[in-house]
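Note sheet for the following structure.
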Amino acid sequence: MHPYASPLSPARPHAHVVHSHSPSDSHLPLTRTRFLFRLSNFLFGLLNNALYVVILTAALELLPRGVPTGVVAAANIAPALVAKAIWPYVLKGEIRYARRVVACSTISFVGMILIAFSTSLENKLIGISMASFSSGLGELTFLQLNTRYGHSGAGDGVGWFASGTGAAGLLGAAAWWIVRPLGVKGGLTLLSILPGIMALAYFAILPSKEALDAEVPADYTAIGTQEADADFVDGEEEDDDARPRATGAQGHQGDPEDLPTSAAVSVPFARKMQLIKPMLLVYIAPLVLVYFFEYTINQGVASTLLYPLPDPREHWILSLFVKKLSDYYPLYQLTYQTFVFLSRSSISILRLPAIPQRLLWIPAILQGLLLAILISESLSAWFPRNIASPLVIVLVCLEGLAGGSAYVSVFYQLSRDSSNSLDKSTIGAADGESSLATESEQERRTRLSQEHEFRIGSIGLADSFGILIAALVSMPLELWLCGRQVAAGRLLCKEVKAAT
1 MHPYASPLSP ARPHAHVVHS HSPSDSHLPL TRTRFLFRLS NFLFGLLNNA LYVVILTAAL
61 ELLPRGVPTG VVAAANIAPA LVAKAIWPYV LKGEIRYARR VVACSTISFV GMILIAFSTS
121 LENKLIGISM ASFSSGLGEL TFLQLNTRYG HSGAGDGVGW FASGTGAAGL LGAAAWWIVR
181 PLGVKGGLTL LSILPGIMAL AYFAILPSKE ALDAEVPADY TAIGTQEADA DFVDGEEEDD
241 DARPRATGAQ GHQGDPEDLP TSAAVSVPFA RKMQLIKPML LVYIAPLVLV YFFEYTINQG
301 VASTLLYPLP DPREHWILSL FVKKLSDYYP LYQLTYQTFV FLSRSSISIL RLPAIPQRLL
361 WIPAILQGLL LAILISESLS AWFPRNIASP LVIVLVCLEG LAGGSAYVSV FYQLSRDSSN
421 SLDKSTIGAA DGESSLATES EQERRTRLSQ EHEFRIGSIG LADSFGILIA ALVSMPLELW
481 LCGRQVAAGR LLCKEVKAAT
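With UniProt numbering as the guide, the letters of the sequence shown map in order to residues 1 to 500.
Here it is as structure tokens:
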């Protein structure tokens, strides 16, 4: 029996294993404990990402007149990218989740207060950067946290976290419009309570792993197999019990640092490089491209897709939303956010299967095609005039579906995939890892747990990196597209800019 197994836990065979997907994670019985687990993950995604959306929505009102909103976008993206790109690689040993959550909540709160009460541009940008860094580190933390809940909980938790991040796009923007009458100072001060609610969800709502495991049905177990496509390898299956106990409302046991694990165990940098190589083409590259194409559409192309105001006799629904030319872009964004939420909720709420690992490139290919089509429409206006604007909205719907499904599927598959965790037999003295040959079984299990946490954490930089590159490309692209339209005698883009 390994160090963390319950005395009542049955011994598990050493074999290649896969998990029965009947019932699937999303179809497990909805007991009170599982409801709290799903609710807490939904709140983590919602509250961690909501302030990011609030800041972007309020960008024009946060800055002095004449300062480009791209300054806010850069300050709101770059620190999150730094957190996701650097933190997994510099971290050594066990993750102190309670400390992380408290730190993220505190940094977000201080950042929001600094934005609200500062009068100088520099201090406001510092506050925005603090909130951004906290959001990036928070997303990393909550995704990694779900790996502590074993295979029956990891996919389920990631699915609901992704759903919360999708809802943040809608509710974050709505929250700002609700508090906007209070002004920047009053509105942001009121919204600064959101990080505190996030911490409360961690300490008071999130159940422990033991409470969740106690409710997993007997037929949701590992089954011995020699299938070539087995998702989980020996050791990681038993690692479900080997993982340090999660903190939570039920059976709270404190920070993982207080658990009986070997303090000497950590994943060296060279070993992390070995772990990330197999993921570059499978997970990271598709997600980078999805977000690059997606945000290039949103920031560089969508604002140039303008048409004469809709005739109520032909498009009465569209005419309810578009009263002036500048209404097109917010409508595109609302449509996009709605379908991102739906697709990120595909596993949790809609109970649809995740995109298989071998097909994760499909959303990236689709987004690339959408970008090419919309750029060509912006340049040539080749869509039939009577259906052009509704057709663009349909394509924006597809954009949101592709982007959201890529996000949730990548993290869902990775949360359940431990096949790239390397055993000690794969590392030799030539790699500088000779100490692994003498590690104990307890140290091995702790290392495998840390490797799984690193792998899901290392993917987090993909979306932020794609968004950052898209921001750099979108600014000149928007100007070029608008210039080409004006040169062709289509002046709607120029009219919108003059009106704003």
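For glycine and all other residues, C-beta sits at the position ideal for the given N, C-alpha and C.
Can you confirm whether the region 156-168 touches the region 31-42 when touching is taken to mean that 3 or more C-beta pairs between the two stretches lie within less than 8 Å?
The region 31-42 is in contact with the region 156-168.
Should residue 139 go down as buried or exposed, given a rule of 16 or more other Cβ atoms within 10 Å for buried?
So residue 139 counts as buried.
Distance CB(residue 206)-CB(residue 37) smaller than 8 Å:
Going by C-beta atoms, residue 206 is nearer than 8 Å to residue 37.
Residue range of the unbroken alpha helix (DSSP H) whose run includes residue 485
First-last of the alpha helix (DSSP H) with residue 485: 461-487.
How long is the line joining the alpha carbons of residue 364 and residue 466, rounded to whole angstroms?
Cα to Cα, residue 364 sits roughly 11 Å from residue 466.
Starting from residue 124, trace the alpha helix (DSSP H) in both directions and tell me its first and last residue.
Start and end: 121-146.
Under a Cβ-count criterion, where at least 16 other Cβ atoms within 10 Å of its own Cβ denotes burial, should residue 380 be classed as buried or exposed?
The Cβ neighbour count for residue 380, taken over all protein chains shown within 10 Å, is under 16; the residue is labelled exposed.
Quick check on this structure: which residue in 215, 51 and 83 has the alpha carbon closest to the alpha carbon of residue 31?
Distances from the CA of residue 31 to each of 215, 51 and 83 were compared; the closest alpha carbon is that of 215.
Between the region 193-204 and the region 102-110, are three or more C-beta pairs nearer than 8 Å?
Yes: at least three Cβ pairs fall under 8 Å.
Hey, would you say residue 342 sits closer than 8 Å to residue 297, going by beta carbons?
Going by C-beta atoms, residue 342 is not nearer than 8 Å to residue 297.
Less than 6 Å between C-beta atoms, sequence neighbours within five positions excluded: which residues of the same chain meet that for residue 292?
These residues qualify, in order along the chain: 466, 469 and 470.
Are residue 335 and residue 396 close, meaning C-beta to C-beta below 8 Å?
A distance below 8 Å separates the beta carbons of residue 335 and residue 396.
Tell me whether residue 496 is buried or exposed, calling it buried when 16 or more other Cβ atoms sit within 10 Å of its Cβ.
Here residue 496 is buried, its C-beta having at least 16 other C-beta atoms within 10 Å.
Does any CB atom of chain D fall closer than 8 Å to the CB of residue 317?
Judged by its chain identifiers, the structure shown contains no chain D, having just a single protein chain.
Boundaries (first-last residue) of the alpha helix (DSSP H) holding residue 377:
It spans 361-380 - the alpha helix (DSSP H) in which residue 377 sits, taken as one unbroken run.
Quick check: residue 131 and residue 49, are their CB atoms within less than 8 Å of each other?
The Cβ-Cβ distance between residue 131 and residue 49 does not fall below 8 Å.
Between the CA atoms of residue 479 and residue 494 - distance to the nearest angstrom:
In a straight line, the C-alpha of residue 494 is about 10 Å away from that of residue 479.
Leaving out five residues on either side along the sequence, give the residues of the same chain with a beta carbon under 6 Å from the beta carbon of residue 289.
Counting only residues of its own chain and dropping the five nearest sequence neighbours on each side, residue 289 has a CB closer than 6 Å to the CB of 364.
To the nearest angstrom, report how far apart residue 166 and residue 438 are at their CA atoms.
Taking the straight line joining both Cα atoms gives about 45 Å.
Would you check if the region 184-195 and the region 107-115 touch, i.e. whether three or more CB-CB distances between them fall below 8 Å?
As far as the Cβ criterion goes, the region 107-115 touches the region 184-195, which means the pair count is three or higher.
Would you decide whether residue 198 is buried or exposed? Buried here means 16 or more other CB atoms lie within 10 Å of its CB.
Note on residue 198: 16 or more other CB atoms within 10 angstroms of its CB, so buried under the neighbour-count rule.
Straight-line Cα distance separating residue 442 from residue 121
Rounded to the nearest whole angstrom, the C-alpha separation of residue 121 and residue 442 is 52 Å.
Taking buried to mean at least 16 other C-beta atoms within 10 Å of its own C-beta, is residue 448 buried or exposed?
With 16 or more other CB atoms across the displayed protein chains lying within 10 angstroms of its CB, residue 448 is buried.
Spatial neighbours of residue 115 within its chain, please: C-beta separation below 7 Å, excluding the five flanking residues on both sides.
Within the same chain, 62, 124, 127, 128 and 188 come within 7 Å of residue 115 by CB-CB distance, once the 5 residues on both sides are set aside.
Taking the alpha-carbon positions, what's the residue 392 to residue 302 distance?
Residue 392 and residue 302: Cα-Cα distance of roughly 9 Å.
Rounded C-beta distance between residue 507 and residue 45? I'm assuming under 8 Å.
Examination of residue 507 is not possible in this model, given that the chain is present from 1 through 500 alone.
Residue closest to residue 272, alpha-carbon to alpha-carbon, out of 398, 85 and 376
It is 85 whose Cα lies nearest to the Cα of residue 272.
Enumerate in chain order the residues of its own chain whose CB-to-CB distance from residue 252 is below 8 Å, with the five nearest sequence positions on each side excluded.
For residue 252, the predicted model reports a pLDDT of 45, less than 50, meaning its position is unreliable and no value from the coordinates is stated.
Going by alpha carbons, who is nearest to residue 353 out of 413, 73, 89 and 153?
Here the closest residue by C-alpha is 413.
Do residue 146 and residue 415 have their C-beta atoms closer together than 8 Å?
Going by C-beta atoms, residue 146 is nearer than 8 Å to residue 415.
Pick from 74, 118, 477 and 359: whose alpha carbon is nearest that of residue 376?
Per the C-alpha coordinates, the member of 74, 118, 477 and 359 positioned closest to residue 376 is 477.
Residues in the same chain with beta-carbon distance under 6 Å from residue 491, minus the five sequence neighbours each way, listed in chain order, please.
Same-chain partners within the cutoff: there are none.
Tell me the rounded alpha-carbon separation between residue 387 and residue 170.
Going by C-alpha positions, residue 387 is about 27 Å away from residue 170.
State buried or exposed for residue 173, treating a residue as buried only when at least 16 other CB atoms are found within 10 Å of its CB.
Burial call: buried.
Given a cut-off of 8 Å on the beta-carbon distance, is the pair residue 319 and residue 312 in contact?
Judged by beta-carbon spacing, residue 312 lies within the 8 Å limit of residue 319, meaning their Cβ atoms are closer than that value.
Look up residue 185 in the DSSP assignment and say whether it is helix, strand or coil.
DSSP places residue 185 in helix when its eight states are reduced to three.
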